[in-house]
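*Asks:* Those letters in the sequence shown? Residues 11 to 82, per the numbering used here, in order. Just so you know, even glycine gets a beta-carbon here, dropped at the ideal spot from N, CA and C. Model, not experiment: these values are computed from the prediction.
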Amino acid sequence: MDFDVELDCAGLLCPLPVLRARKRLLSMASGQVLKVLATDKMAAIDLPHFCTESGHQFLESPDPNTYFIRCK
């Protein structure tokens, strides 16, 4: 999948991947895609929930440790 910005959160425990993704998304333009690398299993729950609450679009990923978010 194409992306504009990559954020490496591997090894960080939640809520840090969500907090860092939120901060990075603030500096991105609408429609850009953020790729988040996160090894904490809770990221699979927390990142989609964050997207639902904030209005960003959570995109499907074939890799369980890679998440894509389209900026609102």
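Since residue 47 contacts residue 31 with CB under 8 Å, what's their CB separation in whole angstroms?
*Replies:* Counting from one through the sequence shown, the residue named residue 47 turns up at place 37. Counting from one through the sequence shown, the residue named residue 31 turns up at place 21. That belief does not hold up - the Cβ atoms of residue 47 and residue 31 are roughly 11 Å apart, past 8 Å.
*Asks:* If you draw a straight line from the C-alpha of residue 63 to the C-alpha of residue 43, how long is it?
*Replies:* Here residue 63 is taken as the residue at index 53 of the sequence shown, counted from 1. Here residue 43 is taken as the residue at index 33 of the sequence shown, counted from 1. Cα to Cα, the separation comes out at about 17 Å.
*Asks:* Return helix, strand or coil for residue 44, following the three-state DSSP convention.
*Replies:* Position 34 of the sequence shown, counting from 1, holds the residue named residue 44. In the structure shown, residue 44 sits in a strand (DSSP, three-state: E or B).
*Asks:* For residue 73, count neighbouring Cβ atoms within 10 angstroms of its own Cβ and tell me buried if that reaches 16, exposed if not.
*Replies:* Residue mapping note: residue 73 aligns to position 63 of the sequence shown, counting from 1. Exposed is the call here.
*Asks:* Leaving out the 5 sequence neighbours to the left and right, which residues in its chain are closer than 6 Å to residue 50 when beta-carbon positions are compared?
*Replies:* As a position in the sequence shown, residue 50 is number 40, starting the count at 1. Cβ neighbours of residue 50 beyond the five flanking positions: 23, 24.
*Asks:* Looking only at its own chain, which residues have a Cβ that is under 8 Å from the Cβ of residue 56, when we skip the five neighbours before and after it?
*Replies:* For the purposes of this step, residue 56 is identified with residue 46 of the sequence shown, where counting begins at 1. Excluding residues within five positions, the ones whose Cβ falls inside 8 Å are 24, 25, 27, 28.
*Asks:* Could you give the distance in angstroms between the alpha-carbon of residue 45 and the alpha-carbon of residue 81?
*Replies:* Position 35 of the sequence shown, counted from the start, is the residue given in the question as residue 45. Position 71 of the sequence shown, counted from the start, is the residue given in the question as residue 81. Those two C-alpha atoms are separated by around 11 Å.
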